[in-house]
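J.:
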Amino acid sequence: MNLQIKSFEEYQEVYQRSVEKPEEFWAGIADHFYWRRKWNNVLDWNFKEPKIKWFEGAKLNITENCLDRHIYQLGDKPAIVWEPNDPNEAHRVLTYKQLLEKVEQFSNVLKNNGVRKGDRVCIYLPMVPELVITVLACARIGAIHSVVFGGFSAQSIADRINDTGCRLVITSDGGYRGTKTIELKSIVDDALVQCKAVDRVIVLTRTRTPVSMIKGRDVWWEDEIKKVETQGNPTCPAEEMDAEDMLFILYTSGSTGKPKGVVHTCGGYMVYTGYTFANVFQYQPDEVYFCTADIGWITGHSYIIYGPLSQGATSLMFEGVPTWPDAGRFWDIVEKHKVNILYTAPTAIRSLMASGDSYVDGKDLSSIRKLGSVGEPINEEAWNWYNEKIGKGKAPIVDTWWQTENGGILISPIAGITPTIPSYAMLPLPGIQPVLVDEKGNELQGNNVSGNLCIKFPWPGMIRTTYGDHERCRQTYFAAYENMYFTGDGCLRNEDGYYRITGRVDDVLNVSGHRIGTAELENAINMHSDVVESAIVGYPHPVKGQGIYAYVIASGHHVDEDLTRRDINQTVSRIIGAIAKPDKIQFVSGLPKTRSGKIMRRILRKIAEGDTSNLGDITTLLDPGVVEEIKAGAEKLR
Ligand code: WTA
1 MNLQIKSFEE YQEVYQRSVE KPEEFWAGIA DHFYWRRKWN NVLDWNFKEP KIKWFEGAKL
61 NITENCLDRH IYQLGDKPAI VWEPNDPNEA HRVLTYKQLL EKVEQFSNVL KNNGVRKGDR
121 VCIYLPMVPE LVITVLACAR IGAIHSVVFG GFSAQSIADR INDTGCRLVI TSDGGYRGTK
181 TIELKSIVDD ALVQCKAVDR VIVLTRTRTP VSMIKGRDVW WEDEIKKVET QGNPTCPAEE
241 MDAEDMLFIL YTSGSTGKPK GVVHTCGGYM VYTGYTFANV FQYQPDEVYF CTADIGWITG
301 HSYIIYGPLS QGATSLMFEG VPTWPDAGRF WDIVEKHKVN ILYTAPTAIR SLMASGDSYV
361 DGKDLSSIRK LGSVGEPINE EAWNWYNEKI GKGKAPIVDT WWQTENGGIL ISPIAGITPT
421 IPSYAMLPLP GIQPVLVDEK GNELQGNNVS GNLCIKFPWP GMIRTTYGDH ERCRQTYFAA
481 YENMYFTGDG CLRNEDGYYR ITGRVDDVLN VSGHRIGTAE LENAINMHSD VVESAIVGYP
541 HPVKGQGIYA YVIASGHHVD EDLTRRDINQ TVSRIIGAIA KPDKIQFVSG LPKTRSGKIM
601 RRILRKIAEG DTSNLGDITT LLDPGVVEEI KAGAEKLR
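First residue of the sequence shown? That's 1 in the UniProt record's numbering, and the numbers climb one at a time after it.
(1) Check the C-beta distance from glycine 545 over to valine 511 and give it rounded, since I have them as a contact under 8 Å.
(2) Within 10 Å of its beta-carbon, does tyrosine 72 have 16 or more other beta-carbons around it, so buried, or fewer, so exposed?
(3) Say the cut is 6 Å; is the CB of aspartate 489 nearer than that to a heavy atom of the ligand WTA?
(4) Thinking C-alpha only, which one of Gly407, His337, Thr171 and Arg565 is nearest glutamate 222?
(5) Can you give, in chain order, each stretch of the alpha helix (DSSP H) that sits fully within the segment 475-540 and has at least 4 residues?
(6) Using 6 Å as the cut-off, classify the Cβ of arginine 217 as near or not near the heavy atoms of the ligand WTA, replying yes or no.
(7) Look at the Cβ atom of alanine 137, then the Cβ atom of leucine 110, and state whether they are nearer than 7 Å.
(8) Please confirm if the segment 369-384 is in contact with the segment 117-128, defined as three or more CB-CB distances below 8 Å between the two stretches.
(9) When every heavy atom of the ligand WTA is checked, does at least one fall within less than 6 Å of the C-beta of isoleucine 501?
(10) Where do the ends of the beta strand (DSSP E) carrying histidine 264 lie?
(11) Going by DSSP, what residues sit across from lysine 598 in a beta bridge?
(12) Mind checking whether the beta-carbon of tryptophan 401 lies closer than 6 Å to any heavy atom of the ligand WTA?
(13) So, are the CB atoms of residue 641 and leucine 74 less than 7 Å apart?
(14) Specify the secondary structure class of methionine 270 as computed by DSSP and reduced to three states.
(15) Jot down the residue ranges of each uninterrupted beta strand (DSSP E) in the segment 340-409, minimum 3 residues, whole runs only, in chain order.
(16) If you compare alpha carbons, which of Leu192, Asn162 and Ser351 is closest to proline 259?
(17) Could you check the C-alpha separation between cysteine 66 and valine 121 for me, to the nearest Å?
(18) Considering only DSSP beta bridges, list what methionine 317 is partnered with.
(19) Taking isoleucine 553 as the reference, give the member of Ala58, Arg500, Ser589 and Trp385 with the closest Cα.
(20) Are the segment 454-462 and the segment 406-423 in contact at 8 Å, needing three or more beta carbon pairs?
(21) Using a Cβ-Cβ cut-off of 7 Å, state whether lysine 117 counts as contacting chain B.
(22) Measuring alpha carbon to alpha carbon, tell me which of Val42, Leu352, Met246 and Ile516 ends up nearest alanine 550.
(23) For the segment 590-598 against the segment 615-625, are there 3 or more C-beta pairs whose distance is under 8 Å?
(24) As a quick exercise: from Arg200, Val103, Glu319 and Tyr498, pick the residue whose alpha carbon is nearest that of lysine 180.
(25) Using a Cβ-Cβ cut-off of 8 Å (strictly less than) and excluding sequence neighbours within five positions of valine 188, which residues of its own chain qualify?
(26) For the structure I just gave you, are there three or more beta carbon pairs, one from the segment 74-87 and one from the segment 307-317, closer than 8 Å?
(27) Report yes or no: do three or more beta-carbon pairs, one from the segment 243-255 and one from the segment 141-153, lie closer than 8 Å?
(28) On the criterion of 16 or more Cβ atoms from any shown chain inside 10 Å, does tyrosine 630 qualify as buried, or is it exposed?
(29) Between the alpha carbons of lysine 389 and glycine 633, how many angstroms are there, rounded?
(30) Which of the three DSSP states, helix, strand or coil, is assigned to glutamate 49?
(31) Should glycine 151 be listed as close to the ligand WTA, given that the test is whether its C-beta is under 6 Å from any heavy atom?
(32) Under 6 Å from any heavy atom of the ligand WTA, does the C-beta of valine 374 make it?
(33) Would you kindly work out how many angstroms separate the C-alpha atoms of phenylalanine 281 and leucine 3, rounded to a whole number?
(34) Measuring straight from C-alpha to C-alpha, what distance separates isoleucine 607 and proline 582?
(35) For the beta strand (DSSP E) that lysine 21 lies in, which residues bound it at each end?
(36) Note down, in chain order, each residue of its chain lying with its Cβ closer than 8 Å to the Cβ of arginine 17, except the 5 sequence neighbours on either side.
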């Protein structure tokens, strides 16, 4: 069996087989990877506990698949091409051989600093090649990485560090993003005030921003590398891992409480990211592939690092932002590095589209063969612009739907093979069994139906647990509907059986492709001393997809609304990070609540959307009068 599907007929045939004989199908896929020892059992599962075990008994190390196994044939092929923030700084290329050397070297640095198999390591780095090196070095020695996105606050880092119980953090003095320098080490210092268990911080030099290095705790990356060089131990054999050993933890927001640590394991995640990368993008050996995501999110984990590298691809990573020095930066990068496959987010497409075609016109985009979209629903206008302006009508667009919890892409066209329709993710990949259910959990049969999207059979890349709290994993994903994984997304299956994701049906917002939990954000806002209570809803935003709308009841003190708004934003930046700052804050005297005290978000959502004509039944509210006041206030904010 081939790893890559080559035609639509083959897709249909393989899909059928993957449903009829899933274990046989996945064993065939897994055969394309390097295992030190093969599995005894392909799959053992139930969604009740849940228990999900793939390739039990198998032994492997994912870095042997991403690096060692390519050395013989692809040793001199670029593995990572790094484009810096500043276009005047030289770009860097790491071949597979060089990347392996660097990973081995840093693996020894980690060992010298006491990291052992099973230890958790927190990584807070900018988008530089050393981030890839660090992630892979952890995987090589069997340490569990927990990457924290550079836009999160000290408080968020502290929460994540304490939840994983890690004692080592890897960061840099600073990071460049457009005209800004982010002082990463200083943010880590603030976090560590709350993390007594951390006794080692490795600091990479990037911006040479002044940093406070604490004796006995903080060490320079460069010094640690020198130590390894003097010790003369350049190589580091890969640790033998069990297929179900943890590979990493990545935190993501849900509808309740604090972010949870999604756990992925070595064998299944490796197979799933490699399989989906090879198929969805139809990667060819000579192609340059550019995913614009940040490695702090799942897309970067799966489709900058693990998926592409396990397939011997050239993966381009970019340190900066799409709009600096101007809104033509992506297209300059495409031209400079002759990018063949571009994978980006609708929010970036919309923002570049809004900047005007003058930034695209005249750029040589002739290398582009395939385009991808990820992270949020893509509207037709953006899809069409992407198709015409960037793909020149010749590059298939894959609108890939998936989640942090999924490990890799679940529903998506296969580039050049599956037909495409703007804003449709089209069809499940072989091995994925989506179902739509109604509120009561009844499976909706046939076509032309809408419902909640669930998956009824496991796949190798799926979440195994939420770190330190298995019950929370069960509650969140497996309790809503019996024997199904619930995605939290709504979905339409049209008359031809094609899938269109319509967005979250729970209280999770998707702002510029970033998941924001409303409860988490409300908690942050409520920490401000002048705030009595708050309610967050999303509203349609032309660039971000969804904007954040906050209804806030403030206490007597506040006299200047604008000042209080700024204070609230500052509070959110401190507690979560600037990415969660509300776009609009409306002060209200009360919130629409039912007699049992539940906030009726439906009403708040409609008002935020500016659609107040039909608010539905409000007679069950404790105080229906508050609705008129909120409507009037919203009008003034618009
Ligand atoms: C949304 C990102 C529509 C969806 C990989 C999902 C999408 C959430 C798409 C997961 C898409 C992701 N079309 N919606 N192609 N891709 N989403 O965990 O609501 O950051 O539940 O993973 O993003 O976001 P996450």
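No residue lacks a Cβ here, since even glycine has one placed at the ideal position from N, Cα and C.
T.: Straight from the coordinates:
(1) The Cβ separation is near 7 Å, so the contact holds.
(2) exposed
(3) yes
(4) Of the candidates Gly407, His337, Thr171 and Arg565, the one whose C-alpha sits nearest the C-alpha of glutamate 222 is Thr171.
(5) Uninterrupted alpha helix (DSSP H) stretches at least 4 residues long and entirely within the segment 475-540 occur at 518-526, given in chain order.
(6) no
(7) Yes, Cβ-Cβ distance for alanine 137 and leucine 110 is below 7 Å.
(8) no
(9) yes
(10) 260-265
(11) BP columns for lysine 598 are empty, so no partner.
(12) yes
(13) The requested residue 641 is not part of the displayed model; the chain covers only 1 to 638.
(14) helix
(15) Segments of the beta strand (DSSP E) lying fully in the segment 340-409: 341-344, 370-374 and 397-400.
(16) Closest by C-alpha distance to proline 259, out of Leu192, Asn162 and Ser351, is Asn162.
(17) 20 Å
(18) Trp82
(19) Ranking Ala58, Arg500, Ser589 and Trp385 by Cα distance to isoleucine 553 puts Ser589 first.
(20) Contact between the segment 454-462 and the segment 406-423 is present: 3 or more CB-CB pairs across the two stretches fall below 8 Å.
(21) Reference to chain B is not applicable here, since this structure consists of a single protein chain.
(22) Ranking Val42, Leu352, Met246 and Ile516 by Cα distance to alanine 550 puts Ile516 first.
(23) yes
(24) Glu319
(25) Tyr124, Ala154, Ile157, Val169, Thr171 and Val201
(26) yes
(27) yes
(28) A quick correction: the sequence has isoleucine, not tyrosine, at residue 630. Label assigned to isoleucine 630: buried.
(29) For lysine 389 and glycine 633, the distance between alpha carbons rounds to 41 Å.
(30) coil
(31) no
(32) yes
(33) CA-to-CA, the gap between phenylalanine 281 and leucine 3 works out to about 12 Å.
(34) Computed Cα separation, rounded: 16 Å.
(35) From DSSP, lysine 21 is part of no beta strand (DSSP E); its letter is neither H nor E.
(36) Answer for arginine 17: Glu24, Phe25 and Pro430, listed in chain order.
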